[in-house]
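Undergrad: One structure follows; several queries about it will come next.
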Amino acid sequence: MGVELFAWCQYGSALRQVNGKWLGWNKLPGFSPGRAGRAVGNRAGGQGEAPRSGEGDEVTGAMANDGGRKQFWKRSGSKVPGSIQHVYGAQHPPFDPLLHGTLIKPASKPPTTPVKLKKVSTFQEFESNTSDAWDLGDDDDELLAMAAESLNTDVVMETANKVIQNHSKLQEQHKLQEEQLQEDKPVPFSELPSVAYGDNRLVKSVSESHTSSSAECVSENSSMQRSQSLPHASTDPLEGEVVDHDTSATPALTEREAFRLDKFKQLLAGPNTNLDELRKLSWSGIPKQVRPITWKLLSGYLPANVDRREGTLQRKRKEYFAFIEQYYDSRNDENHQDTYRQIHIDIPRMNPEALRLQPKVTEIFERILFIWAIRHPASGYVQGINDLVTPFFVVFVCEYIAEEVENFDVSSLPEEVLQNIEADSYWCMSKLLDGIQDNYTFAQPGIQKKVKMLEELVSRIDEQVHRHLDQHEVKYLQFAFRWMNNLLMREVPLRCTIRLWDTYQSEPEGFSHFHLYVCAAFLVRWRKEILEERDFQELLIFLQNLPTMHWGNEDMSVLLAEAYRLKFAFADAPNHYKK
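Just so we're on the same page, the working numbering is the position in the sequence shown counted from 1, plus 16.
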């Protein structure tokens, strides 16, 4: 109806000026709805009835004086009932003065004579007496141009320039900070920014801070400096060989790392640590600042109750050195000479090289391994157990130092600290081996069983790789025995092993059960390279020297995720991988 009424209005039959005022169609003297309908119908049908003399002239003249029909309908700022409103979206974005600068009209000079607003008031009166009207024939550019008239160009440009200047200043500041970080020495953890602000807002990332105003950035920087306090912690130097890992050279935590560290600290600060929640949180990796205490809790070495921890540490350390006094002197006895000699041979083979070349480290490892062998006669010492001490030792050493172990002389630590590290490493390794001791008993039945299960599992998840190995007569025991015996420590860098053990200690039976699925995912990870090898010797050499020296946390996370998928599919349905 609105369109028809508007078309009818164009012929001058809708409005009449009476006594200087414009009246709506329902106020016109002698108005007949039937006549109006006929006029509209005739207009639509092409049989236009000529407007009566004077009616069209009055309306047309009024509109011309007001700047045309479009100006007449848009004279009032209030919305016309029933009019179509523009919806801003992908097709009609909001007006941006920077992008539509050509639409902004220059500010006109203020008129010297006052302008009468009579026509505005008459249109408002018309609007109040009109029940329906439709706006036709206006395009988007005209709407934008009219909206731009109310904008102050100077204010807009001044604001835009401020934003650009602030952005440039922030970029310069970040460049200077990066240059200083490259030149300066590693920042100790005591100077790291705290995890969160006092109002529970996390530290903003660089990309977020670029979009902030300069005043906000200054306030956040000052608050971050005020909150720079963390308890004494140390780096894991062997994890610092790759940029994206936990490194002592990283002076600031990312938002995600800060958030995770805060969650760990909150969980560990309670009077009784919820070990289930701690395992869930640790599955994706443990921040180096809290890794030593977290490993001791997850391995079962320390109790969940905070008040009991110090007493437990003192008692267990004292107990370990009582074993030293009782058993270590018997290493030269005839019954134990073979064990001690094998330990003495294996220790120089361990990684990293910087540790094995330090006499103090060799002495500590000899004591740990010999005492464990004496106290576990069912298995005794087996080659490969020596590798399982290293991750615990490195993590616990890094609790007391702020530099890389490779560049640090362990013997420079106080004797009491070295004794604590030695005892803690012994007990945590013992807890680990308690769950996989059948790997090291006579004939190592645990490893034999796991290698067989690995073969069956791979035959199900990647039959092509399994057939390729079988066609070239490569037996799983020839390469996977070491994977099970050393828990992949000889296949990946030590930094990756430490990340792997974060998850192993979070998983139920992680070292014994979940390790099987990690090995399966690890083998399938190299399927392309395996299928390209067409010779038994080349295949075996490749599988025993996999190119993982540049692996980091991201690679291990992908591997663990795939292992978890395999476990989810096969662990509770063993018949799925049994032929």
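Heads up, the beta-carbon is just placed ideally off N, CA and C, and yes, glycines get one too. Nothing here was measured: the structure is a model prediction, and the numbers come from that model.
Whether or not the stretch 405-424 and the stretch 449-467 are in contact is what I'm after, with contact meaning three or more pairs of Cβ atoms, one per stretch, closer than 8 Å; do they touch?
TA: No, the stretch 449-467 is not in contact with the stretch 405-424.
Undergrad: Using only alpha-carbon positions, find the residue among 346, 532, 435 and 447 that is nearest to residue 337.
TA: Closest by alpha carbon: 435.
Undergrad: Starting from residue 436, trace the alpha helix (DSSP H) in both directions and tell me its first and last residue.
TA: Counting along the chain, the alpha helix (DSSP H) containing residue 436 begins and ends at 431-451.
Undergrad: List the residues that DSSP assigns as beta-bridge partners of residue 367.
TA: Per DSSP, none; premise fails for residue 367.
Undergrad: Which of the three DSSP states, helix, strand or coil, is assigned to residue 288?
TA: In this structure, residue 288 counts as strand in the three-state DSSP scheme.
Undergrad: For residue 515 and residue 459, I'd like the C-alpha separation in whole angstroms.
TA: Computed Cα separation, rounded: 30 Å.
Undergrad: With distance defined between alpha-carbon atoms, name the residue in 186, 432, 567 and 451 nearest to residue 316.
TA: Nearest of 186, 432, 567 and 451 to residue 316, Cα basis: 451.
Undergrad: What is the DSSP secondary structure of residue 402, counted as helix, strand or coil?
TA: Helix at residue 402.
Undergrad: How many angstroms separate the CA atom of residue 289 from the CA atom of residue 462?
TA: Rounded to whole angstroms, residue 289 to residue 462 spans 33 Å at the Cα level.
Undergrad: Counting only the same chain and skipping the five closest in sequence on each side, list residues whose C-beta sits under 8 Å from that of residue 588.
TA: The answer is none, since no qualifying residue turns up.
Undergrad: Within its chain, find whatever has a CB closer than 7 Å to the CB of residue 528; leave out the 5 residues flanking it on each side and keep chain order.
TA: These residues qualify, in order along the chain: 451 and 452.
Undergrad: Mind checking residue 561: buried by the 16 CB within 10 Å criterion, or exposed?
TA: Exposed, because fewer than 16 other Cβ atoms sit within 10 Å of the Cβ of residue 561.
Undergrad: According to DSSP, simplified to helix, strand and coil, what is residue 351?
TA: Looking at residue 351 - three-state DSSP - the assignment turns out to be coil, as it is neither helix nor strand.
Undergrad: Put residue 502 into one of helix, strand or coil per three-state DSSP.
TA: Correct three-state label for residue 502: coil.
Undergrad: Between the stretch 327-343 and the stretch 373-388, can you find at least three pairs of beta-carbon atoms closer than 8 Å?
TA: At 8 Å Cβ cutoff, the stretches touch.
Undergrad: What's the gap between the Cα of residue 378 and the Cα of residue 429?
TA: Cα to Cα, residue 378 sits roughly 15 Å from residue 429.
Undergrad: Of all the options 538, 485, 330 and 577, which has the alpha carbon lying nearest to the alpha carbon of residue 556?
TA: That would be 485, whose Cα lies nearest to the Cα of residue 556.
Undergrad: Kindly indicate which three-state DSSP category residue 561 falls into: helix, strand or coil?
TA: Note: residue 561 maps to coil in three-state DSSP.
Undergrad: Within 10 angstroms of the Cβ of residue 624, are there 16 or more other Cβ atoms? Answer buried if so, exposed if not.
TA: Because the chain is modelled from 17 through 595, residue 624 falls outside the range shown and cannot be assessed.
Undergrad: Should the stretch 490-506 be regarded as contacting the stretch 275-290, the criterion being three or more beta carbon pairs within less than 8 Å?
TA: No, the stretch 490-506 does not touch the stretch 275-290.
Undergrad: Taking the straight line between their C-alpha atoms, what separation do you get for residue 400 and residue 489?
TA: Near 26 Å, if we compare the C-alpha coordinates of residue 489 and residue 400.
Undergrad: In chain order, what residues of the same chain have a beta carbon less than 7 Å from the beta carbon of residue 237, not counting five sequence neighbours either side?
TA: The pLDDT assigned to residue 237 is 45, lower than 50, so where the model puts this residue is not dependable, and the model offers no usable value.
Undergrad: Three or more C-beta pairs closer than 8 Å, one from the stretch 300-315 and one from the stretch 411-423: is that the case here?
TA: Output reads yes: the stretch 411-423 touches the stretch 300-315.
Undergrad: Within the 8 Å Cβ cut-off, does residue 332 reach chain D?
TA: The displayed structure is made up of one protein chain only, and chain D is not part of it.
Undergrad: Thinking residue 576 and residue 519 are a contact (beta carbons under 8 Å), I'd like their distance in whole angstroms, please.
TA: Rounded, the Cβ-Cβ distance is 5 Å, consistent with contact.
Undergrad: Please work out which residues of its chain come closer than 7 Å, Cβ to Cβ, to residue 517, disregarding the five sequence neighbours upstream and downstream, and give them in chain order.
TA: The residues are 407.
Undergrad: Buried or exposed for residue 312, please, with buried defined as at least 16 other CB atoms from any protein chain shown within 10 angstroms of its CB.
TA: The residue is buried, with at least 16 neighbouring Cβ atoms inside 10 Å.
Undergrad: Measure the alpha-carbon distance for residue 565 versus residue 510 and round it to whole angstroms.
TA: Between residue 565 and residue 510, the C-alpha separation is close to 10 Å.
Undergrad: On a Cα-Cα basis, can you pick out the residue from 273, 425, 281 and 507 that is closest to residue 367?
TA: Nearest option by C-alpha distance: 507.
Undergrad: Please list, in chain order, all residues of the same chain as residue 372 whose beta carbon is under 6 Å from its beta carbon, the five residues on each side excluded.
TA: Excluding residues within five positions, the ones whose Cβ falls inside 6 Å are 364 and 366.
Undergrad: Which full runs of the alpha helix (DSSP H) of 4+ residues lie inside the stretch 292-325, going along the chain?
TA: Listed in chain order, the complete alpha helix (DSSP H) runs (minimum 4 residues) inside the stretch 292-325 are 307-314.
Undergrad: Our contact map puts residue 503 next to residue 582 with C-beta atoms below 8 Å; I'd like the distance itself, whole angstroms only.
TA: Incorrect: roughly 17 Å between the Cβ atoms, too far for contact.
Undergrad: Could you give the first and the last residue of the continuous alpha helix (DSSP H) run that contains residue 577?
TA: Here the alpha helix (DSSP H) through residue 577 covers 569-586.
Undergrad: Give the list of continuous alpha helix (DSSP H) stretches no shorter than 4 residues that lie fully inside the stretch 461-540.
TA: For the stretch 461-540, whole alpha helix (DSSP H) runs of length 4 or above, ordered along the chain, are 461-477, 479-487, 492-501, 510-520 and 531-540.
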